[in-house]
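Undergrad: Sharing a structure, written as structure tokens. Questions coming.
Residue numbers (the numbering used here), protein chains in the order written: chain P, 279 to 413; chain H, 15 to 150.
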């Protein structure tokens, strides 16, 4: 039987929303205070959902410890307590939470194979979040 | 069509163990959850149903009835119990969060009048949950 397993993680990082393709005024209009020159930070919450058949022997979709280890290696160790704008993956991509979500989804789909990564959700604050999921 | 979700909580003990395996294998796969003395959680259950809004009542489903069914079929059976030792479906099935979600689906399926069961979500703790949507 196919079931889904979800796990939430936390990381803290800084970012500044700024596009080199836009003028100073356009950047301010588009990003408001998120465009302030020295950046700002968030305590992000990451939710990863994986799906697969429940193994009859273990009763699990996948081993939680394997998922934790993968998220730690691919995401938390890479992003926690860093400036996202300085990450290689955001060199030419604005680190909006949408793009952070897309990057994490890409990393997880590429590196976790014990179950299918079906959704990634990133909460930037308690009041806003972004989610990508398989249709 | 609209979806409606009702939450409930229950507290229960469990451990993870496969009788077909050695103690070493159980400990290797299940880690601390394999401690046969058991441990416990405050579980949160979310039951999501879908259906048409009744033009007279404005309800998808009668909330009181849904609450009563959840109480009778699940909370009353699981709350303050040891899942492995006291709940029949876990006599031979490991009570992982995934299997609890599947078992709750089976307990509720066909018992909610006027709406279709869409999803069972079980939180073992705020950072860990399983979903079952009736898929084979």
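Ideal Cβ placement from N, Cα and C applies to all residues, glycine included.
The alpha helix (DSSP H) that contains residue 302/P, what's its start and end?
TA: Along the first chain, one-based indexing puts residue 302/P at 24. Under the DSSP assignment, residue 302/P falls in the alpha helix (DSSP H) whose first and last residues are 302-309.
Undergrad: Counting only Cβ-Cβ distances shorter than 7 angstroms, please list the residues of the segment 328-340 of chain P near chain H, keeping chain order.
TA: Within the segment 328-340 of chain P, the residues whose Cβ lies closer than 7 angstroms to some Cβ of chain H are 332, 335, 336, 337, 338, 339, listed in chain order.
Undergrad: Applying a beta-carbon distance threshold of less than 8 angstroms, which residues of chain P neighbour residue 116/H?
TA: By 1-based counting over the second chain, the position of residue 116/H is 102. Within chain P, the residues near residue 116/H are 279, 281, 332.
Undergrad: Do you know how far the Cα of residue 373/P is from the Cα of residue 295/P?
TA: As a working note, residue 295/P is residue 17 in the first chain. As a working note, residue 373/P is residue 95 in the first chain. Their backbone Cα atoms lie some 6 angstroms apart in a straight line.
Undergrad: So what's residue 375/P in DSSP terms, helix, strand or just coil?
TA: In the first chain, the residue the question calls residue 375/P occupies position 97. Assignment of residue 375/P by DSSP, reduced to helix, strand and coil, places it in the helix class.
Undergrad: Taking the beta strand (DSSP E) that residue 143/H falls in, what are its first and last residues?
TA: Counted from its first residue, the second chain places residue 143/H at position 129. Residue 143/H -> beta strand (DSSP E) spans 142-146.
Undergrad: Name the DSSP beta bridge partners of residue 18/H, please?
TA: Residue 18/H sits at position 4 when you count from the first residue of the second chain. Residue 18/H pairs with 63/H.
Undergrad: What are the uninterrupted segments assigned as alpha helix (DSSP H) that are 4 or more residues long and contained completely in the segment 315-353 of chain P, given in chain order?
TA: 342-349
Undergrad: Out of 133/H, 59/H, 18/H, state which residue places its alpha-carbon closest to the alpha-carbon of residue 72/H.
TA: Looking up residue 72/H in the second chain gives position 58. Per the Cα distances, 18/H.
Undergrad: Taking C-beta to C-beta, are residue 363/P and residue 310/P nearer than 8 angstroms?
TA: Position 85 of the first chain, counting from 1, holds the residue named residue 363/P. Position 32 of the first chain, counting from 1, holds the residue named residue 310/P. The answer is no: Cβ separation not under 8 angstroms.
Undergrad: Output the boundary residues of the alpha helix (DSSP H) element that contains residue 126/H.
TA: Along the second chain, one-based indexing puts residue 126/H at 112. Neither: residue 126/H is in no alpha helix (DSSP H) and is coded neither H nor E.
Undergrad: Between the beta-carbon of residue 390/P and the beta-carbon of residue 345/P, is there less than 8 angstroms?
TA: Here residue 390/P is taken as the residue at index 112 of the first chain, counted from 1. Here residue 345/P is taken as the residue at index 67 of the first chain, counted from 1. Yes, these two residues count as a Cβ contact at 8 angstroms.
Undergrad: On the three-state DSSP scale, how would you describe residue 73/H?
TA: Translated into the one-based positions of the second chain, residue 73/H becomes position 59. Three-state DSSP puts residue 73/H in coil, outside helix and strand.
Undergrad: Out of 413/P, 412/P, 411/P, 398/P, point me to the one whose CA is closest to residue 322/P's CA.
TA: As a first step, residue 322/P is located in the first chain; it is residue number 44 there, counting from the start. Checked all of 413/P, 412/P, 411/P, 398/P; the closest Cα to residue 322/P is 398/P.
Undergrad: Check for me: the alpha helix (DSSP H) holding residue 406/P runs from which residue to which?
TA: Locating residue 406/P in the first chain gives position 128, counting from the first residue. Unbroken run through residue 406/P is the beta strand (DSSP E), 406-411; no alpha helix (DSSP H).
Undergrad: If the criterion is Cβ atoms closer than 8 angstroms, does the pair residue 61/H and residue 142/H meet it?
TA: Taking the first residue of the second chain as position 1, residue 61/H is located at position 47. Taking the first residue of the second chain as position 1, residue 142/H is located at position 128. No, the Cβ-Cβ distance between residue 61/H and residue 142/H is not below 8 angstroms.
Undergrad: For a contact meaning CB atoms closer than 7 angstroms, what does residue 343/P contact in chain H?
TA: In the first chain, residue 343/P corresponds to position 65, counting from 1. In chain order: 45.
Undergrad: My guess is that residue 400/P and residue 386/P are in contact by the Cβ rule of under 8 angstroms, so how many angstroms apart are they, rounded?
TA: For the purposes of this step, residue 400/P is taken as residue 122 along the first chain, with counting starting at 1. For the purposes of this step, residue 386/P is taken as residue 108 along the first chain, with counting starting at 1. Contact flag wrong, Cβ pair sits at about 12 angstroms.
Undergrad: Tell me which residues share the same chain as residue 308/P and place their Cβ nearer than 7 angstroms to its Cβ, disregarding the 5 neighbours each side in the sequence.
TA: The residue you call residue 308/P lines up with position 30 of the first chain. These residues qualify, in order along the chain: 300.
Undergrad: Using CA atoms only, rank isn't needed, just tell me which of 279/P, 280/P, 286/P is closest to residue 140/H.
TA: Here residue 140/H refers to the residue found at position 126 of the second chain. Ranking 279/P, 280/P, 286/P by Cα distance to residue 140/H puts 286/P first.
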